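Chains as they are written, first to last, in the UniProt record's numbering: chain Y, 1 to 385; chain B, 1 to 385; chain V, 1 to 385; chain Z, 1 to 385.
As C-alpha cells, this is what we get:
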C-alpha cells in the first residue's frame, strides 16, 4: 500500500456537471427531488462528491447547458467549493439548425454556426482557465444515401482545422468517437480510427477521447487504450459502463474486469503519469438511481480498480509473458483483480481525514434530504437546458 | 402476377397512430411543420397513406397518447376516413409510478395500477371494436442486484393472467418482447422464449408480438417467425428496421434481404392466410424524414417484398432443398429477391384505381404543404402526450 | 465460512474427457507433449484434477471419441481412479453422412442413422450407469433457401421423440442450443426458446442444457438461468467463457462478474440443491494452455465464485430490492463479488486434506513432465478421434 | 448500359487459389469429389471461372500452400490457362513455431523466422511478377495478461518495417485486419485503425486490406471504405459475406444491400479507377457447396452489384443530398439497388462471346463430373497443405 499511496494521491477523476441533472431515455426522463436547477447547484453537488472522496476536485462543463453570464464569477464560486472547472463540452445536437449535422453538415452556413459555437467555447475556456475542448458530434445520417459520407469527412476536417487554429498554446482539442446514436445509419466519427486520422492531421494539440460506452459489441477497448497511448494520442477518458449500447451506467457496474484491464493498459502505457496528459472523466446518466451517491460510487470504483492495477507485480507478469506461460501470466493478472483493496483503501482514506466508507458517510450526512427540501420550484436541470 | 393478385388484394398493413407524431432520441426530438396535434389529425394523415396505397385501412392506437372522451365518436370519424381502429397498445412506461416497473413491479399496488390500465384498454377495445391488446413492457432493471429477476417473472405471470381473464371471446393479448431499452441490465420480457413461455401458460388467446428491431445482433429473425408459426403463437409483427439497436427506421431500409427472408417464412408457414390471424403492423419513428411519405414508403416496401416472396416457385425450391443442392436452392430464393416487381405493381395499382407511383402522387398532392399551413398553434403530438 | 461449508462440500463439477485432448481452430490445432492418446489416459488426467481439488469426481464422455470395446471395464477403471462416468455426449457432426444435418436432416435415412447413434449412446449409458444423454446438434444451413427451416423443426421433433421414448426411468435427455457454428445461416436449435419448446413437448425427462458460450452478443445469460429454473427445465450447464463467439476459454476468464451473476441466479432459483438436478459441467478447449492445469483453474474458478455467491446476504438484498434502493441493492451484490474468498477456501481445503493452492501443488507434482516423458508415440487424442 | 459497358469491361475480380481446395470448421472439413490436389489443378478450376464469366483472369496464391519448385513454370502454366498470378498471401499461422504469434511474437527468433518467410514471399513475387504481398496475421492472445499488448505492437511495427524495406519499386504491402479468430482475447491487428496506423508509418507502398467479414457486429463497412479511399490507403478487398463472425460465405449472400453500399462508396471514392490501385479479391470458403460454381456465383454477384452501382444517377443523388431530402435521396439509392440488371448483363455477356447465364453454362459443361472422375487418389488440397 505504501508503494502505491503517492500514485493514489495524485489521482483526479473529473466529474460531469450534467450527471447531477435529470436524464433518461427517449421513453421517459424521471426526475427526483433535489435535482439542481442551476450550474451553481450542480457544482454544490459535485463538491459533495469531492468532500467525501477527495477524488474529484474538477468538474467538466457542458455548453450551453451550463451557460452563465458571469464566467469569472462561476469560476470563483467553484473555487470557494474547492473545485476547479475542467473540460468544456460543446453541444451541437440540440439546436434546430443541427437536424442534419453540424461540423459535417452539407450547408456551409450550418458548419459556420457550429464552428462559431466552438470558438465561443474557447472563449469561455479562456475565462475559466480550462485547457480542454471536448468535441462529441451527433453528426450522421439515418438512411443509406441520405448524405455523402465522403464529402462529410472533408467538411468535418475543414471545420476541425478552423477550430484548431484558434486553440491557445496550452489548450487541447479532444475528439470523441461513438459507434452510433443518435444517428442510426452512419456516424461521422464512429470509431477510434476516424478520430485518430483527424487528430493526426490536425497536429499535436489534437487528441482522441475514448468513451468506454461507444464501441461495437465485443470490442477490445483496452487494446485501443494501449494503441492510443503508444501513438501519443490518448487525450481523455469518458468513463461509464454498458451492457448493450451507450447505456451510460456507473463505471465498473457492468463489467468490472474490463475496467481493470483498461486501467492496466493505462498503467502499462504510462497513462497515470500526469505528463502523459490523459484526463480521467466520468460521463454517466443516473436515470433511476440517486445522482450524488451514484457519482460517489463511480469515483470509488475507479479508485478501487486503480489500486488493484497498481498492486500488480509488473516484473513478475513480464517474466511469465516472456516465458509464454499462459496460465501463469493470466493468474498474476487475476490475482491483482481478485485482491480486495477495500479495507486498505478505507484505512488510507481515514489516514487523510476522509471517511473510510464514503457511501455510508454521505448517506448519513442527510444531504439528499436537505436538497430535496430546499430545492423546490424552478425547472430541474436536464439535457434540454 | 395474376396468380398473386388476390393475395396482394388481401394484404392489410396496420399503421401506428404514433408514427405521425414527433419522435426522436434522448438527445433531441425535432419537430416538423404540420405534425398532428390530435388523434383526429393523426387519423387524417393515416387516411392519406391508405388513399395512395390502398394498403393500410387499419390504424393502431396508443393509450393514453390517443385518449379521447368519445371513443364511439372516434370510431365513427375513422370510418368516415375509410379507416378501422385496430390494435390498442397499452403504455405503462411514462407514469411516475412506473419508474421501477409496471406489471412486474415489486409493489403490488403498482402492479394493480398497471393491470387496471390494461383493463381500461380492454374497455376501449370493446367500444371501438378492436380485437388485439398489445402489451410491450419497459419493465426491467439497470443494475445487477437491483431487482429480483425470478420473482419479477412470477409477478408478471400473475399480472398477465389477471388481464387475460378479462379478455372477450374474440379478443387476444399479444405480448411483445424486446432485447433491451429502456432497461439496461435486465428486461423482464427480453426474448421470444420468455414471451412464448408466458403466452403458452396463459392460453389460446395469448400470442407473441415480434418487433423486427428487438433482437440481439445477428439474431436470425426468420427462424423465430418459422418457429412461432409452427407453435401457433405468432400474433403480430411490429415492422421496422435497424442497423444497431431499436432504431425504428423504415421497414426494409436497413436490410431488405432480411425482410424478404422473414416474409418468405411467413408464406412458408401459412402466415398470409387470414385464418392464421397474424397482424402485420408498422412500428416506426420518423425522426428526421417526413412522416406521411415515410409511412407510404414503408407500406410499399412491405407490399413489394411480399410480391417477391409470392412469386417464388415453392415447388422448385423444395426440390432443390430435397436434393441438397445448396447453390441451386439459394439461387431460386435470390432470383425472387432480385426480381424487380415495381413495374408490375405499378400496373396492378393502376388497374385498381390507385396511383402507379404512390410516393410521387402523394408528393404532387400538396398535402404536406397544406397541413403545414393549417396546423398552426397547439402542441404537436409526440411520445409524451 | 462455516455456514457455506456444507454447500461447498456438495459441489461437483463434471469435467469433459475431450478437454484433455488437443483442440484448436480451423486454422491450426497445436499439440502438446503428454496429450492423452486414449480415454484411459484422459481419465488419468481428469483424476489429477479431482485429486488436487476434490471438485471433479465425474467425467463426461463423448461418443464415439471415447469409444471402447469394454464399457464395464472402463467404468471399473474410472472407479479405480476415484471417478464416476457422467453425461454421455453424442456426436452427429463428423460423419460424412451428416454434411447437411443429422436429426433434422431432410433424408429420413440420415435421420434414422442419427437416431440410432443416440440409441447406441443410451446403451452405453446403461452399461456405465450414466443418467444424462446430452444432445448438441451441428444441424443447420449456410445459405438462405438451402433448407426448409420449418420442416426441419418437425423432423427434429420427430427424431427427438423417437430417442426420448427409449430413455430409462432414471435417464434424462438434455438438449443444448447454440447461436451459430458450424452452421452460418440458420441453426436448428439456436436459442433457449427453441430448446425449451422441444423439451416441453417431449416430457419431464427432457431438459435444456445451457452452454455459457452459445448466445448472441449482449445476451443476459443469468436471466435465462432464472427463467429455466422457474420453468423447471434447466438440466445442465456447459461452462466456459467467451469474448466473441464460442471461444471455449476457461470459465470465468473473460467476464468473471457474469459468472458471479449466473451462479447467483442458480442460488436464487434453488439450483444448488441436488434435488433440482442441475448438472454443472465444463465444456472448454485448451488450445494453447496446458490442459490439466487449465481444468484445475476452471473448477477452482467455479468454486471460488460459488463461495462468493453463497456468502451473499440474501435477506439484506431482498430488503434493498423491496425498497427499490438501486445503489444499495447493487452494492450488496458487488460486496459479495469483491470479497476475496481465496484465503478462506485455502484454509477450508487444507482442513479436508487438500492442498490449499491446487495450482501450485499440481505444478510441483511434476505430473506434466511425467506424462510428456511417458506418452510417446501413438496418436494424440483430438476432436477427430 | 452503354455508358457503363466500358467500366464493366475493366472489372477484374481476383480469385483465391485456396477457394478450390477443401475447407471447413473446427468441427469437420468435408471433402468433395474432384477437389484439386495441386496448385495446377486449382488453377485449372480457376480458369473455368474465368472462361465462363470473363471476370477473373487473376489468381491469388497462398504460400506455402501453393508452393512449387518451379515458379516460372507455374507462371507459364497459368498463362497457358489465360490466367495471371496475383497477390501472394503469406502464412505464419500453421507452423509449430507460431503458436504464440509471428511478426508480433515476444521471441526475436520467431519474429525473424516470420520476417524471413515474408522475404521468401517477395522472392516468389519477383519470379512470378506479382505486385502485392498480403499479410494477414493470426497473432494475438487468448487470455488477459498472456501477452504484452503494447510491446507486441512495437515488435509488429519493427517486423513490418523490415519487410517493407525489401519491397521492390512496384511492389506493395497490404496489411489485413481482423476482429478476432483464431485469437480469442486480443488480436494484434484487430481493426482498420490499427492497420492504418501501421501502414501510415511504413510509407506509400503500404496499404490496408479490407476483408468484409472481419468486423465487429453492426460495423458500417462502407464508411471504412470511404474513409480509406479518402486517406489514400485502401489497397485491396477480400470479399465474402457473413451472418455472425468470419463465416467466409459467398460474397453478397448474407446482406446483398451491404455489398451494394460498399461498392457505391468504391465508386464515390474513385476506387473503380485502376489508377487508385484497389484490388478486388475474393476470400471465401465453400465448406458445403460446390467450389467452382461457388466461385462463379461470387464473381457474378460482384459484377451484378457493380452494374447496379454504376447505373445510379450520381448527380440526382447529390442534388437530393444537398436538399436534405432524406426519403428522396434514399429512394434514388434504392432504385438502383432494386433494378434487375441480370437481363442486361446476360445480353452484354453474349455480345462478348460469353454465356448469358454462366452458372447454367458451367453446369451443362460437365466439368464437375469430369474432375470427379479424373482426380482420383492423392491428397485433396486444404488449409493444411
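Each residue gets a CB set at the ideal place from its N, CA and C atoms; glycine is no exception. Since we're looking at a predicted model, the values are computed, not measured.
Alpha carbon to alpha carbon, how far is residue i from residue j?
{"i": "residue 76 of chain V", "j": "residue 86 of chain V", "result": "13 Å"}
{"i": "residue 134 of chain V", "j": "residue 173 of chain V", "result": "6 Å"}
{"i": "residue 420 of chain Y", "j": "residue 144 of chain Y", "result": "Here chain Y has residues from 1 to 385 only, and residue 420 of chain Y is not among them."}
{"i": "residue 348 of chain B", "j": "residue 10 of chain B", "result": "14 Å"}
{"i": "residue 255 of chain V", "j": "residue 114 of chain B", "result": "36 Å"}
{"i": "residue 195 of chain Y", "j": "residue 68 of chain Y", "result": "31 Å"}
{"i": "residue 342 of chain Z", "j": "residue 368 of chain Z", "result": "25 Å"}
{"i": "residue 7 of chain Z", "j": "residue 272 of chain Y", "result": "55 Å"}
{"i": "residue 323 of chain V", "j": "residue 200 of chain B", "result": "32 Å"}
{"i": "residue 332 of chain B", "j": "residue 138 of chain V", "result": "25 Å"}
{"i": "residue 119 of chain V", "j": "residue 165 of chain V", "result": "10 Å"}
{"i": "residue 156 of chain B", "j": "residue 103 of chain B", "result": "5 Å"}
{"i": "residue 22 of chain Y", "j": "residue 30 of chain Y", "result": "7 Å"}
{"i": "residue 193 of chain V", "j": "residue 192 of chain B", "result": "7 Å"}
{"i": "residue 51 of chain Y", "j": "residue 269 of chain V", "result": "42 Å"}
{"i": "residue 13 of chain Z", "j": "residue 263 of chain Z", "result": "13 Å"}
{"i": "residue 162 of chain Y", "j": "residue 116 of chain Y", "result": "10 Å"}
Say whether chain Z places a C-beta atom closer than 7 Å to the C-beta of residue i.
{"i": "residue 340 of chain B", "result": "yes"}
Is the shortest distance between the beta-carbon of residue i and the beta-carbons of chain B less than 7 Å?
{"i": "residue 153 of chain Y", "result": "no"}
{"i": "residue 353 of chain V", "result": "no"}
{"i": "residue 329 of chain V", "result": "yes"}
{"i": "residue 382 of chain Y", "result": "no"}
Given a cut-off of 7 Å on the beta-carbon distance, is the pair residue i and residue j in contact?
{"i": "residue 266 of chain Z", "j": "residue 235 of chain Z", "result": "no"}
{"i": "residue 329 of chain V", "j": "residue 320 of chain V", "result": "yes"}
{"i": "residue 225 of chain Y", "j": "residue 301 of chain Y", "result": "no"}
{"i": "residue 131 of chain V", "j": "residue 176 of chain V", "result": "no"}
{"i": "residue 59 of chain Y", "j": "residue 46 of chain Y", "result": "yes"}
{"i": "residue 327 of chain Z", "j": "residue 16 of chain B", "result": "no"}
Kindly indicate if chain V contains any beta-carbon less than 7 Å away from that of residue i.
{"i": "residue 379 of chain Y", "result": "no"}
{"i": "residue 244 of chain Y", "result": "yes"}
Could you check whether the Cβ of residue i sits closer than 7 Å to any Cβ belonging to chain Y?
{"i": "residue 323 of chain Z", "result": "no"}
{"i": "residue 385 of chain B", "result": "With a pLDDT of 48 at residue 385 of chain B, under the threshold of 50, the modelled position of that residue is not reliable, and no figure is offered here."}
Quick one: does residue i have its CB under 7 Å from some CB of chain C?
{"i": "residue 326 of chain Y", "result": "The structure shown has no chain C; the protein chains it does contain are Y, B, V and Z."}
**OP:** Anything in the region 3-22 of chain Y with a Cβ closer than 7 Å to a Cβ of chain B? List those residues in chain order, please.
**Re:** none
Original post:
Mind listing which residues of the region 250-272 of chain B have their C-beta closer than 7 Å to chain V's C-betas, in chain order?
Top reply: 261, 265, 268, 269
Original post:
Is the region 218-234 of chain B touching the region 147-165 of chain V in the sense that three or more CB pairs, one from each, lie closer than 8 Å?
Top reply: yes
Original post:
Counting pairs of beta carbons, one from the region 26-42 of chain B and one from the region 359-373 of chain B, are three or more of them closer than 8 Å?
Top reply: yes
**OP:** Decide yes or no for the touch test of the region 234-251 of chain B against the region 174-182 of chain Y: beta carbon pairs closer than 8 Å, at least 3 of them.
**Re:** yes
Subject >> Under 7 Å (Cβ pairs) to chain Y, residues found in the UniProt domain "Xylose isomerase-like TIM barrel" (69-225) of chain V >> reply: Going along the UniProt domain "Xylose isomerase-like TIM barrel" (69-225) of chain V in chain order, one finds 217, 218 with a Cβ nearer than 7 Å to chain Y.
Subject >> the region 278-291 of chain V in contact with the region 103-123 of chain B per 3-pair CB rule at 8 Å >> reply: no
**OP:** Tell me, please, whether the region 53-67 of chain Z touches the region 83-97 of chain Z by the rule of three or more beta-carbon pairs shorter than 8 Å.
**Re:** Yes: the two stretches touch, three or more of their Cβ pairs being nearer than 8 Å.
Original post:
Counting Cβ pairs, one atom from each stretch, are 3 or more of them under 8 Å apart for the region 376-384 of chain Y and the region 344-361 of chain B?
Top reply: By the C-beta criterion, the region 376-384 of chain Y is judged not to be in contact with the region 344-361 of chain B, since fewer than 3 inter-stretch pairs fall below 8 Å.
Subject >> Interface positions of the region 276-297 of chain B facing chain Z (Cβ-Cβ less than 8 Å), listed along the chain >> reply: 288, 289, 290, 293, 294, 297
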